[in-house]
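> If you count by this note's numbering, then the sequence shown holds residues 1167 to 1280, one letter each, in order. Built from N, CA and C at the ideal position, the CB exists for glycine as well. Quick one: this structure, given as structure tokens, is what I'll be asking you about.
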Amino acid sequence: MTSSRQHLGRWGEDKAAAWYRAQGWEVLDRNWRGPGGELDLVLGRGGTVVFCEVKTRSSDAYGHPAEAVDRRKQQRIRRLAVQWLRQHPAPAAKLRFDVACVLKGRLEVLEGAF
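And the structure:
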């Protein structure tokens, strides 16, 4: 991955994390690495844990950012969420999987995307 793509991705994650904080969520983890991948954002609020995949694009030339979170990617995120929960037990937590899409600088959060 090129340095400019890494910078763009980090910027998108910063934007998404700021949005969640403004909504009253606590960032529990960021760029958490486990066997088989990485969780972009893990957030908590009132007994709910959200695992958020952030996709940032400067244009829609390759489609909408949410399209990059296909079934295979969703399964990987679910497996990583189980690993994260084993390390960070959350009593009676509700789980949610979101996708934060940053396209041309605009943020759209798809809550409960999968």
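Short of 8 Å in beta carbon distance, which residues of its chain neighbour residue 1193, apart from the five on each side in sequence? Order them along the chain.
What you label residue 1193 is simply residue 27 of the sequence shown in a count that begins at 1. Result list for residue 1193: 1183, 1186, 1187, 1207, 1208, 1209, in chain order.
> How is the alpha helix (DSSP H) around residue 1270 delimited, first residue to last?
Walking along the sequence shown from the start, residue 1270 turns up at place 104. Taken as a continuous stretch (DSSP letters only), residue 1270 belongs to no alpha helix (DSSP H), as it is neither H nor E.
> Considering only the beta carbon of each residue, do residue 1252 and residue 1216 sit closer than 7 Å?
Reading the sequence shown from its first residue, position 86 is the one you call residue 1252. Reading the sequence shown from its first residue, position 50 is the one you call residue 1216. Cβ atoms of residue 1252 and residue 1216: not closer than 7 Å.
> Identify, in the order they occur along the chain, each residue of the same chain with its Cβ nearer than 7 Å to the Cβ of residue 1200, setting aside the five sequence neighbours on each side.
Here residue 1200 refers to the residue found at position 34 when the sequence shown is read from its first residue. The residues are 1246, 1249, 1250.
> Pick helix, strand or coil for residue 1191, following the three-state DSSP scheme.
For the purposes of this step, residue 1191 is taken as residue 25 along the sequence shown, with counting starting at 1. Coil.
> Do residue 1191 and residue 1211 have their C-beta atoms within less than 7 Å of each other?
Counting from one through the sequence shown, the residue named residue 1191 turns up at place 25. Counting from one through the sequence shown, the residue named residue 1211 turns up at place 45. Going by C-beta atoms, residue 1191 is nearer than 7 Å to residue 1211.
> Going along the chain, which residues of its own chain have a beta-carbon closer than 8 Å to the beta-carbon of residue 1242, five neighbours each way excluded?
As a working mapping, residue 1242 is identified with position 76 in the sequence shown. Cβ within range, chain order: 1202, 1203.
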